[in-house]
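Below: the structure, in structure tokens.
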Amino acid sequence: MTQPPPNQPPQDQPPQQGAPQQGAPQPGAFGPPEPQDTPPRDAVPQDDAARTGAADDAPQDTPPQAAPEAPAAAGGFGPPQTPPPGQPSAPAFAPPAAPPAGPQLSKTPEGGGPMPHQNAAPPAQPPQAPPTPPQPYGYPGQVPPGAPPTPPAPAYGYPQAGGPQPPQPPTAPGYGYPGQAPAPSPYAQSPQPPSPYGQQGYGQQGYGYPGQQPATAPGYGYPGGPTLPMPAQPVPGAGGGKKINAQVAIIVSAVVAIALIVGSGIWYANSGDGGGGKKDTASSGGTKGGKGDDKGGSGGTSGGGEKAPGDPAATMLFKVPMPPVKKDDNISVRGSWLTDKAYVKTGASEVSGYDLDKGTKLWSVPLPGPVCEASRFATEDHRTAIVFQASKEDTARCDQVAAIDLVAGKQLWKKSVTSGDYQIDFDNVTVSANTVAVGGTDGGAAFDIASGKQLWAPKTSDTCYDAGYGGGPKLVALRKCGGYDDPQLHVQTIDPVSGKVISEYKMTQGIEYASIVSTEPLVVAADVGDSAGDGSGISDFFSIDNKTGELRTRISAPGDDFAADCEGITRIEQCSGLAVGNDRIYIPTEEHDGTAEYSRTNEIVAFDLATGKQTGQRADAGDGYTIYPLRMDGNSLIAYKRPPYDKGGQVVSIDGGSFKETVLLQNSDAKESVDAETGMLPEYSEFIYADGRLFMSDVYADVSTPSDPEYLALAFGRTN
Numbered sequence: 001m002t003q004p005p006p007n008q009p010p011q012d013q014p015p016q017q018g019a020p021q022q023g024a025p026q027p028g029a030f031g032p033p034e035p036q037d038t039p040p041r042d043a044v045p046q047d048d049a050a051r052t053g054a055a056d057d058a059p060q061d062t063p064p065q066a067a068p069e070a071p072a073a074a075g076g077f078g079p080p081q082t083p084p085p086g087q088p089s090a091p092a093f094a095p096p097a098a099p100p101a102g103p104q105l106s107k108t109p110e111g112g113g114p115m116p117h118q119n120a121a122p123p124a125q126p127p128q129a130p131p132t133p134p135q136p137y138g139y140p141g142q143v144p145p146g147a148p149p150t151p152p153a154p155a156y157g158y159p160q161a162g163g164p165q166p167p168q169p170p171t172a173p174g175y176g177y178p179g180q181a182p183a184p185s186p187y188a189q190s191p192q193p194p195s196p197y198g199q200q201g202y203g204q205q206g207y208g209y210p211g212q213q214p215a216t217a218p219g220y221g222y223p224g225g226p227t228l229p230m231p232a233q234p235v236p237g238a239g240g241g242k243k244i245n246a247q248v249a250i251i252v253s254a255v256v257a258i259a260l261i262v263g264s265g266i267w268y269a270n271s272g273d274g275g276g277g278k279k280d281t282a283s284s285g286g287t288k289g290g291k292g293d294d295k296g297g298s299g300g301t302s303g304g305g306e307k308a309p310g311d312p313a314a315t316m317l318f319k320v321p322m323p324p325v326k327k328d329d330n331i332s333v334r335g336s337w338l339t340d341k342a343y344v345k346t347g348a349s350e351v352s353g354y355d356l357d358k359g360t361k362l363w364s365v366p367l368p369g370p371v372c373e374a375s376r377f378a379t380e381d382h383r384t385a386i387v388f389q390a391s392k393e394d395t396a397r398c399d400q401v402a403a404i405d406l407v408a409g410k411q412l413w414k415k416s417v418t419s420g421d422y423q424i425d426f427d428n429v430t431v432s433a434n435t436v437a438v439g440g441t442d443g444g445a446a447f448d449i450a451s452g453k454q455l456w457a458p459k460t461s462d463t464c465y466d467a468g469y470g471g472g473p474k475l476v477a478l479r480k481c482g483g484y485d486d487p488q489l490h491v492q493t494i495d496p497v498s499g500k501v502i503s504e505y506k507m508t509q510g511i512e513y514a515s516i517v518s519t520e521p522l523v524v525a526a527d528v529g530d531s532a533g534d535g536s537g538i539s540d541f542f543s544i545d546n547k548t549g550e551l552r553t554r555i556s557a558p559g560d561d562f563a564a565d566c567e568g569i570t571r572i573e574q575c576s577g578l579a580v581g582n583d584r585i586y587i588p589t590e591e592h593d594g595t596a597e598y599s600r601t602n603e604i605v606a607f608d609l610a611t612g613k614q615t616g617q618r619a620d621a622g623d624g625y626t627i628y629p630l631r632m633d634g635n636s637l638i639a640y641k642r643p644p645y646d647k648g649g650q651v652v653s654i655d656g657g658s659f660k661e662t663v664l665l666q667n668s669d670a671k672e673s674v675d676a677e678t679g680m681l682p683e684y685s686e687f688i689y690a691d692g693r694l695f696m697s698d699v700y701a702d703v704s705t706p707s708d709p710e711y712l713a714l715a716f717g718r719t720n
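Quick note: the sequence shown uses the UniProt record's numbering, first residue 1, plus one each step.
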């Protein structure tokens, strides 16, 4: 589910006339029939199992759960986006190292699990041709993402590989049940008057990395114009924009492949206490931290804190230069947050706070090595957590956990977890209430964010371990059980203080990897039976009641139609291009031809988390623009419109009921500003919008030169 690079002017390609284009829309062909209702399959509520420090907690028996049925097939028109040749598929499991044992759901501070599977990470800039992945820090011989995982070890105690790495293509298909019924094509939905929904919901967005998709000729056009349903194309990405009743096929000859790696974040408009603690606000990677998120807004936005400006015109406030790196290095700089006074960004082995308007460095927390992972969430008083390396050596691992005070600009504490003679690596860190939870294929642990005291650890066995956690309003564990030939994922809502299991949903056996899109409401994404086919990690969304553990509905979201991505292999929380609120999930469609010549565009559509059906709501990017959800603001959706080559981007607020768009920020059309802005792709950068300011930042440091400048972060702000 990838997006092409910024639109560029056509390279001397005159239009050619010929036979009418195949698949042209027929009269009355717009809009698919509504999909048939699929009754949700309820998970059997499980007995509570505690994640505590007590070693004598008995495992909880869990009755088996019926597999959810695939959604009924629904007809529809629109262009199926054929994956490009050679598209990698998800990995297969390696043979099990030992006979599988029964799952153990109770938690103790000790335990073991399979060796970790190092995940991929993006380069800092989108290439203009198929790139060669840069070499990461870390010693040779690491398992690339997508390769078969190493068979599980009976306990902790094996040395692990280094930090995050650039992606490698998966090699073999995984398990699961294929043949999911497709969702209706989003392109064929004719605009329908949506029903107003007044409830204030939760929104969320995350990280992920997409596969590859051919890029196309650039788009000219105007923002805000509605788009038409597009028929299938013989060659993905080739062909010009279509006009109604036109009989001319516009053929564009240049097709450039591009690999995009995702980094965005998650937002919750409302956050609960997660079992008795302070509220958590998401403030990293496309979200706003701090207060004011739930306040009633004025000036046209629905119940949110973002006010509609009299004049949305914005200018570039500042640029943070890329830290110096060696030519072959690719250092992680994941993590960005916002407080009332500072924009906080991870640098090369540091975390620094910058003035919101001037960009001057206010403070810096030095670290001995690069940051591997950063929580997207912070507490209400702006404390968050990171995982980092103990040194800059190639053999250093991601085994250090620290809490950072984003207001005071200081490190609160630093911890590591050992098993035998070795320290445990972590692939995932999150914050819920006052708890820092870290997880990975080595196991997990939880700490008090103020003191660093260890609160609990999951009990592991030869065949069960907590692969990672989703944070924010609730704390959700993704627990993996079973052998390599019969894996089963347990989605557990847990108490952040005690680790006690509140509810559990067992996913169908054979689903190897899943991602936590939102914890309240609880939404999980998975590539069932490797049916996505595009490396996005998403074929279906599972809407789960986190009080009972019952499946509410399952939503089919074919990778050919939708442009969201999740990194479910190790980065459990990292999904991009998604927002959750108003009991709906908002998903961008893949790019397709616009109405103007050479133009490309897409839309955001909504699915009901109770019924699994599309609501009929649709937000058009406009010719030449591509729209991405960022976060929720009350019951409104905040989205970013990536511009064509000669325009500045926009931030818009989309009313949750009417889907009416209000422009909150309009960036400058000046070339220097546009060049810098379009260098930050939403799919693998971190975007934060709040109070009339838009912050963009990279997630990997790359070499910067005067002729090809790279920036760690950019800030744009309204002039009024």
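The C-beta atom is built at its ideal place from N, Cα and C for all residues, glycine as well.
Going by Cα to Cα distance, which pick from Gly624, Leu665 and Ile424 is closest to Gln389?
Translated into positions along the sequence shown, residue 389 becomes position 389. The candidate whose alpha carbon is nearest that of Gln389 is Ile424.
Boundaries (first-last residue) of the beta strand (DSSP E) holding Lys671:
Translated into positions along the sequence shown, residue 671 becomes position 671. Element bounds for Lys671: not the beta strand (DSSP E) but the alpha helix (DSSP H), Lys671 to Thr678.
Under 8 Å between the Cβ atoms of Pro368 and Ser349?
Start at 1 with the first residue of the sequence shown, and residue 368 comes out as number 368. Start at 1 with the first residue of the sequence shown, and residue 349 comes out as number 349. Yes, these two residues count as a Cβ contact at 8 Å.
Determine whether the beta carbon atoms of Phe426 and Val476 lie at a separation below 8 Å.
Mapped onto the sequence shown, residue 426 falls at position 426. Mapped onto the sequence shown, residue 476 falls at position 476. Not in contact: Phe426 and Val476 (Cβ atoms no closer than 8 Å).
Exposure of Pro309, with buried meaning 16 or more beta-carbon neighbours within 10 Å:
Looking up residue 309 in the sequence shown gives position 309. It is buried - the Cβ of Pro309 has at least 16 other Cβ atoms within 10 Å.
Using the rule of at least 16 other Cβ atoms within 10 Å of the residue's Cβ for burial, across every protein chain shown, is Lys579 buried or exposed?
Numbered from its first residue, the sequence shown carries residue 579 at position 579. Residue identity differs from the one stated: residue 579 is Ala in this sequence, not Lys. Classification of Ala579: buried, given that the 10 Å Cβ count is 16 or more.
Check each candidate in Thr519, Asp485, Tyr684 and Tyr586 and name the one with the smallest Cα separation from Gln509.
As a working note, residue 509 is residue 509 in the sequence shown. Nearest of Thr519, Asp485, Tyr684 and Tyr586 to Gln509, Cα basis: Asp485.
Whole angstroms is fine: what's the gap from Trp337's alpha carbon to Leu714's?
Translated into the one-based positions of the sequence shown, residue 337 becomes position 337. Translated into the one-based positions of the sequence shown, residue 714 becomes position 714. The straight-line gap from Cα to Cα measures roughly 13 Å.
Buried or exposed for Pro312, going by 16 or more other Cβ atoms inside 10 Å?
Within the sequence shown, the letter at position 312 stands for residue 312. Flag for Pro312 reads buried.
For the pair the region 554–562 and the region 526–537, tell me if three or more CB-CB distances fall below 8 Å.
yes
So what's Asp561 in DSSP terms, helix, strand or just coil?
As a first step, residue 561 must be located in the sequence shown, where it is residue number 561. Asp561 falls in the coil class under three-state DSSP.
Tell me the DSSP secondary structure of Tyr684 in three-state form.
The residue given as residue 684 occupies position 684 in the sequence shown. Tyr684: helix per DSSP, three-state reduction.
How would you label Ala701, buried or exposed, when you count the other beta carbons within 10 angstroms and need 16 or more for buried?
The residue labelled residue 701 in the question sits at position 701 within the sequence shown. Looking at its Cβ environment, which holds 16 or more other Cβ atoms inside 10 Å, Ala701 is buried.
Quick check: the Cα distance between Val491 and Tyr505, rounded to an integer number of angstroms?
For the purposes of this step, residue 491 is taken as the residue at position 491 of the sequence shown. For the purposes of this step, residue 505 is taken as the residue at position 505 of the sequence shown. Spanning the two alpha carbons is a distance of roughly 5 Å.
Quick one: Cα of Ala74 to Cα of Val699, how far?
The count along the sequence shown starts at 1 and reaches residue 74 at position 74. The count along the sequence shown starts at 1 and reaches residue 699 at position 699. A caution first: Ala74 carries a pLDDT of 41, below 50, which makes its placement in the model too unreliable to give a value.
Tell me whether Thr678 is buried or exposed, calling it buried when 16 or more other Cβ atoms sit within 10 Å of its Cβ.
For the purposes of this step, residue 678 is identified with residue 678 of the sequence shown, where counting begins at 1. Under this definition Thr678 is a buried residue.
Assuming Ser653 and Leu664 form a contact by the criterion Cβ under 8 Å, report the distance between their Cβ atoms to the nearest whole angstrom.
Counted from its first residue, the sequence shown places residue 653 at position 653. Counted from its first residue, the sequence shown places residue 664 at position 664. Their Cβ separation, rounded to whole angstroms, is 5 Å, which keeps Ser653 and Leu664 in contact under 8 Å.
Quick one: Cα of Lys278 to Cα of Arg479, how far?
Numbered from 1 along the sequence shown, position 278 holds the residue referred to as residue 278. Numbered from 1 along the sequence shown, position 479 holds the residue referred to as residue 479. Low confidence applies here, because Lys278 scores a pLDDT of 45, under 50, leaving its location unreliable; read the following figure in that light. If I take the Cα positions, the gap works out to 25 Å.
Cα separation between Tyr469 and Gly439?
What you label residue 469 is simply residue 469 of the sequence shown in a count that begins at 1. What you label residue 439 is simply residue 439 of the sequence shown in a count that begins at 1. If I take the Cα positions, the gap works out to 7 Å.
Same chain, Cβ closer than 6 Å to Asn327, five either side skipped, listed in chain order:
The residue given as residue 327 occupies position 327 in the sequence shown. The sequence shown places Lys at residue 327, not Asn. Val703.
Going straight from the alpha carbon of Thr418 to that of Gly634, what length do you get?
Within the sequence shown, numbered from 1, the residue matching residue 418 stands at position 418. Within the sequence shown, numbered from 1, the residue matching residue 634 stands at position 634. Their Cα atoms are separated by approximately 42 Å.
Alpha carbon to alpha carbon, how far is Tyr513 from Asp421?
Taking the first residue of the sequence shown as position 1, residue 513 is located at position 513. Taking the first residue of the sequence shown as position 1, residue 421 is located at position 421. Going by the C-alpha atoms only, they are around 29 Å apart.
What residue range does the beta strand (DSSP E) around Asp608 cover?
By one-based count along the sequence shown, residue 608 stands at place 608. From DSSP, the beta strand (DSSP E) with Asp608 extends over Glu603 to Asp608.
Counting only the same chain and skipping the five closest in sequence on each side, list residues whose C-beta sits under 6 Å from that of Asp357.
Walking along the sequence shown from the start, residue 357 turns up at place 357. Excluding positions up to five away in sequence, the list reads Leu317.
Residue nearest to Ala403 in terms of C-alpha spacing, selected from Thr611, Asp394, Val371 and Glu520
On the sequence shown, position 403 is the one that residue 403 refers to. Ranking Thr611, Asp394, Val371 and Glu520 by Cα distance to Ala403 puts Val371 first.
Indicate the three-state DSSP secondary structure (helix, strand or coil) for Asp530 in the structure shown.
Position 530 of the sequence shown, counted from the first residue, corresponds to residue 530. Three-state DSSP puts Asp530 in a helix.
Within 10 angstroms of its Cβ, does Asp466 collect 16 or more other Cβ (buried), or is it exposed?
As a position in the sequence shown, residue 466 is number 466, starting the count at 1. Buried.
Chain-order list of residues whose beta-carbon lies under 8 Å from that of Leu712 (same chain, five-residue window excluded):
Counted from its first residue, the sequence shown places residue 712 at position 712. Answer for Leu712: Val320, Pro321, Met322, Pro323, Val333, Lys345, Gly347, Ser697, Asp698 and Ala701, listed in chain order.
DSSP state of Ser697 mapped onto helix, strand, coil:
Residue 697 sits at position 697 when you count from the first residue of the sequence shown. Note: Ser697 maps to strand in three-state DSSP.
Which one of Gly568, Tyr628, Leu412 and Gly305 has the shortest CA to CA distance from Arg383?
Locating residue 383 in the sequence shown gives position 383, counting from the first residue. Checked all of Gly568, Tyr628, Leu412 and Gly305; the closest Cα to Arg383 is Leu412.
Given a threshold of 16 other Cβ atoms within 10 Å of its Cβ, counted over all protein chains shown, does Gly670 qualify as buried or as exposed?
On the sequence shown, position 670 is the one that residue 670 refers to. One detail in the question is off: residue 670 reads as Ala in this sequence, not Gly. Flag for Ala670 reads exposed.
Where Pro383 falls: helix, strand or coil (DSSP)
What you label residue 383 is simply residue 383 of the sequence shown in a count that begins at 1. Residue identity check: residue 383 is Arg in the sequence provided, not Pro. Of the three classes helix, strand and coil, the one that applies to Arg383 here is strand, per DSSP.
Would you say the region 598–605 touches the region 542–553, given that touching needs at least three Cβ pairs under 8 Å?
no
Whole-Å CB distance - Thr433 paired with Gly444, under 8 Å assumed
For the purposes of this step, residue 433 is taken as residue 433 along the sequence shown, with counting starting at 1. For the purposes of this step, residue 444 is taken as residue 444 along the sequence shown, with counting starting at 1. The sequence given here places Ala at residue 433; Thr does not occur at that position. No, Ala433 and Gly444 are not in contact; Cβ-Cβ is about 16 Å, not under 8 Å.
What's the C-alpha gap between Glu520 and Asn546?
Position 520 of the sequence shown holds residue 520. Position 546 of the sequence shown holds residue 546. Their Cα atoms are separated by approximately 8 Å.
With DSSP collapsed to three states, give me the class of Ile449.
The sequence position of residue 449 within the sequence shown is 449, counting from 1. DSSP places Ile449 in coil when its eight states are reduced to three.
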